[in-house]
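Protein chains: 4
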Amino acid sequence: MHKMTVAAFRALVERDLPLARWLGFSAEAIGEGKATIRLPFRDDLVRPGGTIAGPAMMALADCAMYAAVLGMRGDAIMAVTSNLSIHFLRAPKPVDMVAEAALLRMGRRLAVVEVRLYSAGDGTPVAHIAGTYALPGQAHGANIAVP
Amino acid sequence: MHKMTVAAFRALVERDLPLARWLGFSAEAIGEGKATIRLPFRDDLVRPGGTIAGPAMMALADCAMYAAVLGMRGDAIMAVTSNLSIHFLRAPKPVDMVAEAALLRMGRRLAVVEVRLYSAGDGTPVAHIAGTYALPGQAHGANIAVP
Amino acid sequence: MHKMTVAAFRALVERDLPLARWLGFSAEAIGEGKATIRLPFRDDLVRPGGTIAGPAMMALADCAMYAAVLGMRGDAIMAVTSNLSIHFLRAPKPVDMVAEAALLRMGRRLAVVEVRLYSAGDGTPVAHIAGTYALPGQAHGANIAVP
Amino acid sequence: MHKMTVAAFRALVERDLPLARWLGFSAEAIGEGKATIRLPFRDDLVRPGGTIAGPAMMALADCAMYAAVLGMRGDAIMAVTSNLSIHFLRAPKPVDMVAEAALLRMGRRLAVVEVRLYSAGDGTPVAHIAGTYALPGQAHGANIAVP
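One line per chain: the protein sequences are A, B, C and D, in this order.
If you count the first sequence from 1, position 127 lands on 126 in numbering that gives the first Met the number 0, and the numbers rise without skipping.
If you count the second sequence from 1, position 3 lands on 2 in numbering that gives the first Met the number 0, and the numbers rise without skipping.
If you count the third sequence from 1, position 3 lands on 2 in numbering that gives the first Met the number 0, and the numbers rise without skipping.
If you count the fourth sequence from 1, position 15 lands on 14 in numbering that gives the first Met the number 0, and the numbers rise without skipping.
Set out below in structure tokens:
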């Protein structure tokens, strides 16, 4: 089964994930069930207090989960988030943010993924995320396996 | 303590929440610990499969939680999401989405909020969210009460 | 497909759920995708502060989720919790606690369930839970459909 | 500020946590914001399918979170779970289970803790947990800082 490359994931974002594209997400590394995605800091992603808005962080985490799943099963483009739980740890600094995702469990139907968000530079942890992706059937990659 | 009005919340989005503004969130109703926010459907919010992207839904839920908190404590602009847990129920149709948020508990330091996301029109439930907002001190509305 | 009755669920607890039996869980009502379970107060379920211990509340919620699933699909004895997220709202009083569970979504593979925990008597809400059960295949009720 | 020792935590379980005592939880190590707790396997902790019941696992995780918090702030006996999110990864084998908890963030009011559950012996991961404890005020360790 092919794994997704960084170049292929970037093309996927460019073509099929307009929200991730608008947010500027940049895939830095994708391995077998692992992914690193960067959110370049921008003034229009802040919220009152001058920190990066929570929804931008949740979007970054979700994108990294998706990339980690595709890093294991490159055909699972139709995988969808089934649930996601995020704990915010600190107000992030106004700098780039990095997401590191890793599979905790790859099942036939469900993948459980963990993500850690850091402020780039000093590497301060800013959020922890765990979630589940529902996977499409292996023989029918084009069907959505929604719960 | 003043409560936030729909008009005041719209102005807040316009001025201080650029991501919510870009996503087109529109406050429809804000009451004491309650809020209804609409996400107008747009082609650039979809993901593979043609459904609204999960991160847009998480952002909508977070915005509704924030509005519900401000509907109870209009001074708590600096309230921040402490945690959020979302369960996706169905792939949403390519139509407007509506978030209805209601406080489960308003404490002195923490507010727990529940949100239901529906597809507009037929009202199909598409996601359920529960989360916590950390509140700024009442006497010092300008400080961030991050955990 | 048969639905599970209160009597059948009580027998299941008695025979196959020793922890729920020890905790004294008592099924009060089971409907199509709904269930009400009571935890009779006991001194040995408290924690420092004199309130009911959080794990007893999580166990109660999980039991109610399971009963709600079986209320819809009585054959799904092998259904297992896939994830669970709980928000505690208030320290519960030293009285009976009641769980009311309702399905948010019944899929072929996954059921998403919401539970509200109340203090009996005055009905004060003490916790909110949302979670997912993984369902066994309909034709092979005896297989565990773990993720 | 004193940290809690393994011996002191065991005495606390014995005296004040009857549910943890009944479940047989045994503290193996407690450090600064870290804790390892063991659940010895017992026949009366299983559920249909012969695996350890989910609620016993949630209770184990919560106990480990509590011990990790006390490992950092030994006076915070009145700390209470504010929220907890668990993802089950695999049906655990009928052997001892071990919880390893570590603080992700220790704030003044809230502590965010992560827990991994393993089957003893081969170390297979069986669940991942993240949650928040609300801390009592430092000067008034006897007050419950419930949200």
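Using N, Cα and C, we set each Cβ at its ideal position, and we do this for glycine too.
None of these values were measured; they are calculated from a predicted model.
Judged by DSSP in its simplified three-state form, residue 57 of chain C adopts helix. In this structure, residue 132 of chain D places its C-beta atom within 9 Å of the C-beta atom of residue 64 of chain D.
For residue 114 of chain C, no alpha helix (DSSP H) encloses it; the enclosing beta strand (DSSP E) starts and ends at 109-118. For the stretch 75-109 of chain D, the set of positions with a beta-carbon nearer than 8 Å to some beta-carbon of chain B reads 81, 82, 84, 104, 106, 108 and 109 in chain order.
Taken through DSSP and simplified to helix, strand or coil, residue 130 of chain A comes out as strand.
In chain B, no part has a C-beta under 9 Å from the C-beta of residue 68 of chain C; the shortest such distance is about 14 Å. With respect to the C-alpha of residue 87 of chain C, the residue from C/104, C/126 and C/62 having the closest C-alpha is C/126. The C-beta of residue 123 of chain A comes no closer than 9 Å to any C-beta of chain C. CA-CA distance, residue 79 of chain A to residue 66 of chain A, rounds to 12 Å. Put simply, the CB of residue 113 of chain D is near chain A, with a gap under 9 Å to one of its CB atoms. For residue 8 of chain D, the uninterrupted alpha helix (DSSP H) run begins and ends at 5-15, by DSSP. The Cβ of residue 53 of chain A sits no closer than 9 Å to any Cβ of chain D. With a cutoff of 9 Å on beta-carbon distance, residue 113 of chain D and residue 34 of chain D are scored as not near each other. Secondary structure note for residue 33 of chain C: its beta strand (DSSP E) is the uninterrupted segment 33-38.
Taking the CA atoms as reference points, residue 62 of chain A sits about 7 Å from residue 19 of chain A. Taking a beta-carbon distance threshold of 9 Å, residue 50 of chain B does not count as an interface residue toward chain C. When DSSP states are grouped into helix, strand and coil, residue 30 of chain B belongs to the strand group. For residue 96 of chain C against residue 129 of chain C, the beta-carbon gap comes to about 18 Å, at or over 8 Å, which does not count as contact. Counting other Cβ atoms within 10 Å of its Cβ, residue 26 of chain C reaches 16 or more and is therefore classed as buried.
Buried is the label assigned to residue 135 of chain B, since at least 16 other Cβ atoms lie within 10 Å of its Cβ. Partner residues in a beta bridge of residue 135 of chain A, as assigned by DSSP, do not exist. Taking 9 Å as the CB threshold, residue 133 of chain D lines the interface with chain B. The three-state secondary structure of residue 78 of chain D, taken from DSSP, is coil. Against chain D, the CB of residue 57 of chain C has a partner CB under 9 Å away; the residue lies at that interface.
With a 10 Å radius around the Cβ and a threshold of 16 neighbouring Cβ atoms, residue 46 of chain C comes out buried. Proximity of residue 39 of chain D to chain C, defined by a Cβ-Cβ separation below 9 Å, is not satisfied.
When the beta-carbon positions are compared, residue 44 of chain C and residue 124 of chain B stay at least 9 Å from each other. Rounded to the nearest angstrom, the Cβ distance from residue 23 of chain D to residue 41 of chain D is 7 Å, consistent with a contact under 8 Å. At a C-beta separation below 9 Å, residue 72 of chain D has no neighbours in chain C, since its nearest C-beta there lies roughly 14 Å away. Excluding its 5 nearest sequence neighbours in each direction, residue 60 of chain A has C-beta neighbours in its own chain below 8 Å: 83, 85, 98, 100, 114, 116, 126, 128 and 130, listed in chain order. In the DSSP assignment, residue 102 of chain A falls within the unbroken beta strand (DSSP E) covering 96-105. Nearest to residue 17 of chain D by C-alpha distance, out of C/70, C/2, C/53 and C/89, is C/53.
By the rule that beta-carbons nearer than 9 Å mark a contact, residue 129 of chain A touches chain D.
Here residue 38 of chain B has 22, 23, 24, 55, 59, 95 and 96 as same chain residues with Cβ atoms under 7 Å from its own Cβ, once five neighbours each way along the sequence are excluded. Scanning A/122, A/108, A/14 and A/121 for the CA closest to the CA of residue 72 of chain A turns up A/108.
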